[in-house]
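Numbering (this note's numbering), first residue to last: 102 to 442.
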Ligand SMILES: [Zn+2]
């Protein structure tokens, strides 16, 4: 089916009470791994590309790879989402390219580093909502600042220094009309999220529940939500890697989030770990090999296993039949109608 809006997916997920993983891509093998995992588990799919990914792969390669995916997997509803758009212009360029969903991260200034003001965030996000909704494209906003840095994006702040304020989140959604809202509850981008298994002090699930109570109709998004499982860390270190001990977001906490309004869960690090571990293994065990397929194929399989597992755990598996694709034109018409009401 054609690429669909993220709003449609998240609305269906809310009806069905499940979450949808959003997996980052930079190249063909990662797209293939996600698509195979989705077919295997009969899951709707959100594929997302960051600014870094768009620069690395070049926009048009990524976009055409996604069109190929839609053609090869006609049974799957697929969303192409921009992760962490840093400015109105970045979001606009993604919409012009054919992304069906964009994130305007106005929690940071356009440099992608400096925490912004609430007023700036509202104004930039409103602008993106206006131009995206006119084309039926979904918008995710962010309120509060996430920890860590990824692909050069992030304030590098402590994950608990800018936790989302529930009253401000409510105000933000009212003023901007975003479809989905990323919140900061103690998670960070990258592999080093928590020094030990997170507790209620370091991962503020209670805060998330409060936000959901204030915004029962807004789809919440958890960023930095790789679980960083020990076995993936072990493979890397067993084959010559040097990861320091670290903890991610436990799957059971994500599942608690899904019971409380979380509809999109961003996972990148776990896939990076799986890919790197698989490649290291081939290099260490068979140093005589030099055909890239000899290590990219197991890398792709390792990522597919992680993605399929998350699709089961988030509850999206088995849900492809929920969808009759709604065109972006129809979505645009619905937004225009809602604005009049
Ligand atoms: Zn993020």
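Think of the CB as a built atom: it goes at the ideal place given N, C-alpha and C, for glycine as much as any other residue.
(message) Just to confirm the assignment: which complete beta strand (DSSP E) runs, minimum length 3, are found wholly within the segment 208-235?
(response) none
(message) If I measure Cβ to Cβ from residue 254 and keep anything under 6 Å in the same chain, skipping five residues before and after, which residues do I get?
(response) 185 and 213
(message) Restricting to runs no shorter than 3 residues, where is the beta strand (DSSP E) found entirely within the segment 293-330?
(response) 320-323
(message) Alpha carbons only, please: which of 264, 332 and 344 is nearest the one belonging to residue 309?
(response) 264
(request) Look at residue 70 and residue 227 and say whether their C-beta atoms are less than 9 Å apart. (result) In this structure the chain extends from 102 to 442, so residue 70 is not present and cannot be described.
(message) Quick check: residue 266 and residue 154, are their CB atoms within less than 9 Å of each other?
(response) no
(message) Considering only the alpha carbon of each residue, which of 110, 164 and 127 lies closest to residue 178?
(response) 110
(request) Could you tell me which residues DSSP puts in a beta bridge with residue 124? (result) 148 and 368
(request) Look at the Cβ atom of residue 416, then the Cβ atom of residue 331, and state whether they are nearer than 9 Å. (result) no
(request) Rounded to whole angstroms, what's the CA-CA distance from residue 327 to residue 347? Just pull it up for me. (result) 12 Å
(message) Is any non-hydrogen atom of ligand 1 found closer than 8 Å to the C-beta of residue 247, if you look at the structure I gave you?
(response) yes
(request) Within 10 angstroms of the Cβ of residue 470, are there 16 or more other Cβ atoms? Answer buried if so, exposed if not. (result) Residue numbering for the chain in the displayed model covers 102 to 442; residue 470 lies beyond these limits and cannot be assessed.
(message) Helix, strand or coil for residue 194? Go by DSSP, reduced to three states.
(response) helix
(message) According to DSSP, is residue 348 part of a helix, a strand, or is it coil?
(response) strand
(request) Note the first and the last residue of the continuous beta strand (DSSP E) segment covering residue 185. (result) 179-186
(request) Could you name the residues that DSSP lists as bridge partners for residue 251? (result) 254
(request) Please determine, among 432, 352 and 378, the residue with the shortest C-alpha to C-alpha distance to residue 410. (result) 352
(message) Under 8 Å: does the beta carbon of residue 320 sit that close to some heavy atom of ligand 1?
(response) no
(message) My output table needs one value for residue 102: the three-state DSSP class, helix, strand or coil.
(response) coil
(message) At a threshold of 8 Å, does residue 313 count as lining ligand 1 (C-beta to nearest heavy atom)?
(response) no
(request) Out of 304, 425 and 403, point me to the one whose CA is closest to residue 138's CA. (result) 403
(request) Return helix, strand or coil for residue 241, following the three-state DSSP convention. (result) strand
(request) Compute the distance between the beta-carbons of residue 341 and residue 384, then report whether it is under 9 Å. (result) yes
(message) Can you look up residue 285 in the DSSP assignment and give me helix, strand or coil?
(response) coil
(request) Determine the contact status of residue 368 and residue 118, defining contact as a CB-CB distance below 9 Å. (result) no
(request) Starting from the C-beta of residue 130, find all residues in its chain whose C-beta is less than 7 Å away, skip the five residues before and the five after it, and write them out in chain order. (result) 397, 400 and 401
(message) Spatial neighbours of residue 380 within its chain, please: C-beta separation below 6 Å, excluding the five flanking residues on both sides.
(response) 396 and 400
(request) With DSSP as the reference, label residue 264 as helix, strand or coil. (result) coil
(request) Counting only the same chain and skipping the five closest in sequence on each side, list residues whose C-beta sits under 6 Å from that of residue 250. (result) 257
(message) Looking at residue 238: is its Cβ nearer than 9 Å to the Cβ of residue 432?
(response) yes
(message) Taking 9 Å as the threshold (C-beta atoms), are residue 142 and residue 418 in contact?
(response) yes
(message) Taking the alpha carbon of residue 349 as the reference point, which residue from 199, 360 and 323 has its own alpha carbon closest?
(response) 323
(request) Name the two residues that bound the continuous alpha helix (DSSP H) containing residue 408. (result) 393-415
(request) Output the distance between the C-alpha atoms of residue 158 and residue 442, rounded to the nearest integer angstrom. (result) 42 Å
(request) Would you list the residues sitting across from residue 203 in a DSSP beta bridge? (result) 183 and 240
(request) Using DSSP bridges, identify the partner residues of residue 453. (result) This structure gives no information on residue 453, because the portion of the chain shown stretches from 102 to 442.
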